[in-house]
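What follows is one structure encoded as structure tokens, with my remarks underneath.
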Amino acid sequence: MKASMTVKAALSLMLPLILGAVAGAITGPAIDGWYVHLTKPSFSPPNWIFGPVWTLLYLLMGYSLFRIWRLPATDMRKRALLVFALQLALNIAWSFLFFGLRNPALALVEILVLWVVVAYMLHFFYRLDPLATWINIPYIGWLSFAVVLNAAYAWLNAWGA
């Protein structure tokens, strides 16, 4: 049983970090190319801040995932894990849309969907383990800022035209 929890904890922490690294691999090449030529909003943080912030958020996500995954198997837990997986997939997809396809407008639509899915995830998490929700408050806060930032990039850069 203890080994099983250790494996669940390790996988829970590693999964978001690994997928975050995939998103970083998509983002990296665009930072010095296409992205540098975009008109940036005045409130855009320096590029170096995104890596540490997302690393912390992925670790928090992973810990909250573990807190849910360790609970007894129920339909509610299953739904919570599925919504977690969906939000993580959408999180990674945003990098592809914004940086890979170079389409801030499409990425804006996607990040709005992501925000709703994360809010839904937090609803499920709260019903199972309130701390798992509180752990993700920095995530939805940063995501809210990212929505505004994405909208500003789309607006200032002719909606991806």
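This note's numbering puts the first residue of the sequence shown at 700, with every later residue one more than the last. We put the CB at the ideal spot given by N, CA and C, even for glycine. Quantities reported herein were computed from a predicted structural model and do not represent experimental measurements.
Going along the chain, which residues of its own chain have a beta-carbon closer than 7 Å to the beta-carbon of residue i, five neighbours each way excluded?
{"i": "F795", "result": "I725"}
{"i": "N746", "result": "I730"}
{"i": "L830", "result": "R766"}
{"i": "I834", "result": "L759, Y762, S763"}
The alpha helix (DSSP H) with residue i in it runs from where to where?
{"i": "D774", "result": "774-794"}
{"i": "G840", "result": "836-855"}
{"i": "I810", "result": "803-827"}
{"i": "R769", "result": "That residue, R769, is in no alpha helix (DSSP H); it is neither H nor E in DSSP."}
Considering only residues of the same chain and omitting the five flanking positions on each side of residue i, which have a CB-CB separation below 8 Å?
{"i": "Y838", "result": "L756, L759, M760, V817"}
{"i": "S741", "result": "none"}
Can you tell me the Cβ-Cβ gap for residue i and residue j, rounded? I've got them flagged as a contact below 8 Å.
{"i": "L789", "j": "V812", "result": "6 Å"}
{"i": "T738", "j": "L821", "result": "Contact doesn't hold; Cβ gap of about 33 Å is too wide."}
Got a sec? Which residues, its chain only, sit under 6 Å from residue i by beta carbon, not counting five neighbours each side?
{"i": "L785", "result": "V816"}
- For the stretch 805-818 and the stretch 835-853, state whether three or more C-beta atom pairs, one from each stretch, are separated by less than 8 Å. yes
Quiz item: Would you call the stretch 768-778 and the stretch 702-716 touching, i.e. three or more CB-CB distances under 8 Å?
Solution: yes
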